[in-house]
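Below: one structure, written as structure tokens.
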Amino acid sequence: MRKIISSRIDKAIKEFCELLKQQLGGKLLATRLFGSVARGTATPESDIDILVVVKNEDKLTREIVIEAAVDINLKYDVVISPIIMSAARYSGPLFQETFFYKSIQEEGIPL
578 MRKIISSRID
588 KAIKEFCELL
598 KQQLGGKLLA
608 TRLFGSVARG
618 TATPESDIDI
628 LVVVKNEDKL
638 TREIVIEAAV
648 DINLKYDVVI
658 SPIIMSAARY
668 SGPLFQETFF
678 YKSIQEEGIP
688 L
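Taken in order, the sequence shown gives residues 578 to 688; the numbers are from the numbering used here.
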């Protein structure tokens with residue numbers, strides 16, 4: 578991953594992804610950084626947008642991702658804003674026509 582803003586943000590992103598790998602295992606399919614941090618236009622007040630693609634988007638999975646984000650947010654004084662999405666929804670033809678999907682494909686950084 579390229580240098581984003583600071584080593585603190587880099588560490589927060591890496592630790593968030595590691596937590597997800599540990600806690601979700603094979604349910605976690607992909608993570609992508611997008612938004613102002615990925616574009617290199619973030620300010621100190623910017624949040625860190627991360628798309629989290631999982632096999633199935635269920636309540637427990639959502640809770641795990643949100644709890645991991647809260648833990649990292651408190652530890653590093655950052656704001657990780659995860660977008661949680663099932664693989665079926667992410668790869669669906671309707672979603673792939675959205676500006677959001679196209680933006681992630683163009684500017685997103687695989688983590």
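Using N, Cα and C, we set each Cβ at its ideal position, and we do this for glycine too.
Since this is a predicted model, take the numbers as computed values, not measurements.
Q. Which one of 604, 678, 669, 654 has the shortest CA to CA distance from residue 584?
A. Within the sequence shown, the letter at position 7 stands for residue 584. Closest by alpha carbon: 654.
Checklist entry - Name the DSSP beta bridge partners of residue 686, please? => result By 1-based counting over the sequence shown, the position of residue 686 is 109. Residue 686 is bridged to 610.
By the three-class DSSP mapping on this structure, what secondary structure does residue 584 have? Taking the sequence shown and counting its residues from 1, the one referred to as residue 584 is at position 7. Residue state, collapsed to three classes: helix.
C-beta contact flag for residue 632 and residue 664 at 8 Å: The sequence position of residue 632 within the sequence shown is 55, counting from 1. The sequence position of residue 664 within the sequence shown is 87, counting from 1. The answer is yes: Cβ separation under 8 Å.
Worksheet item: Considering only C-alpha positions, which residue in the set 597, 605, 615 is nearest to residue 683?
Response: The residue you call residue 683 lines up with position 106 of the sequence shown. For the residues 597, 605, 615, the minimum Cα distance to residue 683 belongs to 615.
ask   = How big is the Cα-Cα spacing for residue 639 and residue 660?
value = Numbered from its first residue, the sequence shown carries residue 639 at position 62. Numbered from its first residue, the sequence shown carries residue 660 at position 83. Cα to Cα, the separation comes out at about 10 Å.
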